[in-house]
Amino acid sequence: MKLKIKKGDTVQVIAGADKGKKGTVLDVDAKKIKIKVQGVRMRTHYDKQEGMLQKEGYIDYSNVKFLTAAQKKTSAKKKATAKSK
Numbered sequence: 109m110k111l112k113i114k115k116g117d118t119v120q121v122i123a124g125a126d127k128g129k130k131g132t133v134l135d136v137d138a139k140k141i142k143i144k145v146q147g148v149r150m151r152t153h154y155d156k157q158e159g160m161l162q163k164e165g166y167i168d169y170s171n172v173k174f175l176t177a178a179q180k181k182t183s184a185k186k187k188a189t190a191k192s193k
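Final position of the sequence shown in our numbering is 193; the numbers increase by one with none missing.
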């Protein structure tokens with residue numbers, strides 16, 4: 109299956125424990141239809157030489173959405189609401 113999201117794209121998690129987080133795609137597994145996003149689904153591993161390591165885990169392709177260049181920026185501006193009488 110050909111996936112539309114590629115390595116290096118910016119995505120936002122839309123479901124799961126990391127919902128709302130944005131990150132860059134680090135790896136794509138087309139056979140399992142899973143992707144690895146920077147800073148999402150962090151897993152702790154133990155290595156004798158290096159000690160405790162944290163690495164990203166894979167999440168399902170359907171749990172993310174692609175962000176365009178315009179959507180990458182976040183603004184804190186609130187919409188003006190009309191005053192009621």
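For every residue, glycine included, the Cβ atom is placed at its ideal position computed from N, Cα and C. These numbers were taken from a predicted model, which means no experiment stands behind them.
First and last residue of the uninterrupted beta strand (DSSP E) at residue i
{"i": "residue 164", "result": "159-164"}
{"i": "residue 145", "result": "142-145"}
{"i": "residue 152", "result": "150-155"}
{"i": "residue 126", "result": "Run containing residue 126: none; DSSP gives neither H nor E here."}
8 angstroms contact criterion, which residue i and residue j should meet: CB distance rounded
{"i": "residue 70", "j": "residue 117", "result": "Missing from the structure shown is residue 70; the chain here goes from 109 to 193 and no further."}
{"i": "residue 165", "j": "residue 151", "result": "5 angstroms"}
For residue i: DSSP bridge partner residues
{"i": "residue 173", "result": "120"}
Local conformation of residue i per DSSP, three classes
{"i": "residue 167", "result": "strand"}
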